[in-house]
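Have a look at the structure below before the remarks.
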Amino acid sequence: MKKATVRKPAAPKSPPRPTVAAEVPVVARLSPRVPPRQRAAIGGVVASPAQIRRRIHELGRQIQQDFGNREWVMVAVLSGSVLFVADLIREIEGPVKLDFVGVSSYGDGTQSGELVYTKELKLDVAGRDVLVVDDILDTGRTLSAVIGRMKALGARRVRSCVLLDKPSRRVVKQRVEYVGFRIPDWFVIGYGLDYAERYRNLPFIGVLRPEAVK
Ligand code: PRP
Numbered sequence: 057m058k059k060a061t062v063r064k065p066a067a068p069k070s071p072p073r074p075t076v077a078a079e080v081p082v083v084a085r086l087s088p089r090v091p092p093r094q095r096a097a098i099g100g101v102v103a104s105p106a107q108i109r110r111r112i113h114e115l116g117r118q119i120q121q122d123f124g125n126r127e128w129v130m131v132a133v134l135s136g137s138v139l140f141v142a143d144l145i146r147e148i149e150g151p152v153k154l155d156f157v158g159v160s161s162y163g164d165g166t167q168s169g170e171l172v173y174t175k176e177l178k179l180d181v182a183g184r185d186v187l188v189v190d191d192i193l194d195t196g197r198t199l200s201a202v203i204g205r206m207k208a209l210g211a212r213r214v215r216s217c218v219l220l221d222k223p224s225r226r227v228v229k230q231r232v233e234y235v236g237f238r239i240p241d242w243f244v245i246g247y248g249l250d251y252a253e254r255y256r257n258l259p260f261i262g263v264l265r266p267e268a269v270k
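Those letters in the sequence shown? Residues 57 to 270, per the working numbering, in order.
The following block contains the structure:
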């Protein structure tokens, strides 16, 4: 007689393991291609283009695995994350959509005041898995607000990914599943990150010399 097959209920999917950031030593050597004016402002390299590429490849593999084949939405926070998200999304082979939000903090200029949306989401995230992507996690206010917003819009599950994490600066407790590099409290520029809107175009992440801060 044919035995009845008993199907085991599928094991609940475990939450993605946080990616432990690689600790990157500051290498005080710059590529000869960096123009002299920018060179004077840079104290060292936190992550070279090759290191960034390798780390993003690793993050992409893990994200791809965790998000699977159900259509999902990557939401990047303007403007600093633009270079990062452009490289990260190219590591994803599954059905992913891309959208952007713009967030600015209006306050007295020193303390983060109220966060105001300068660009709203275009896509509908209701019922979707969402990955919020930002270049840097500092106090945690921005990421926390954007994640809250995605949940309020009815996203099924919201996870987050940052290229850089400065844990020592945290004000708002914020869980982040995917981290590129964990760094001390350095003022970092390049690869999308700016100081007074400059340096976003550098292909590496560098530390700004204190003398360059006006
Ligand atoms: C930066 C960065 C994050 C945010 C992180 O954005 O891109 O979005 O600050 O800081 P927090 O954790 O303290 O909230 P910024 O407002 O400088 O705009 P930008 O991305 O256009 O440079």
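No residue lacks a Cβ here, since even glycine has one placed at the ideal position from N, Cα and C. Being a predicted model, the structure only gives us computed values, none of them experimental.
query, result
"Would ILE145 and LEU139 be called neighbours here (beta carbons separated by less than 7 Å)?", "no"
"Spatial neighbours of LEU177 within its chain, please: CB distance less than 6 Å, with the 5 preceding and 5 following residues excluded, ordered by chain position.", "ASP155 and VAL157"
"Please report how far the alpha carbon of THR195 lies from the alpha carbon of PRO151, in whole angstroms.", "32 Å"
"Under a three-way DSSP split, which group does SER161 fall into?", "strand"
"For chain D, find out if any of its Cβ atoms is closer than 7 Å to the Cβ of VAL202; answer yes or no.", "The structure shown contains no chain D; it holds only a single protein chain."
"If distances are taken between C-alpha atoms only, which option among LYS222, ILE245, PHE243 and GLU267 comes closest to VAL235?", "LYS222"
"Checking 7 Å against the spacing of the C-beta atoms, do VAL186 and VAL129 come in under that value?", "yes"
"Which runs of the alpha helix (DSSP H) at least 4 residues long sit entirely within the segment 168-235? Give them in chain order.", "197-208"
"So, using beta-carbon positions, are GLY116 and ILE148 closer together than 7 Å?", "yes"
"If you draw a straight line from the alpha carbon of GLN121 to that of HIS113, how long is it in whole angstroms?", "12 Å"
"Run the CB neighbour count on LEU264, radius 10 Å, all protein chains shown included, and call it buried at 16 or more, exposed below.", "buried"
"Indicate, with yes or no, if ligand 1 has a heavy atom lying under 6 Å from the CB of VAL133.", "yes"
"Below 6 Å, is the gap between the Cβ of LEU193 and the nearest heavy atom of ligand 1?", "yes"
"Are the segment 90-109 and the segment 238-252 in contact at 8 Å, needing three or more beta carbon pairs?", "yes"
"Would the C-beta of THR198 count as close to ligand 1, meaning under 6 Å from any of its heavy atoms?", "yes"
"Write down the C-beta distance between VAL189 and VAL131 rounded to the nearest angstrom, noting that I regard them as a contact closer than 8 Å.", "7 Å"
"For GLY262, count neighbouring C-beta atoms within 10 Å of its own C-beta (all shown protein chains included) and say buried if the count is 16 or more, exposed if not.", "buried"
"Along the chain, where does the beta strand (DSSP E) containing VAL133 start, and where does it finish?", "128-134"
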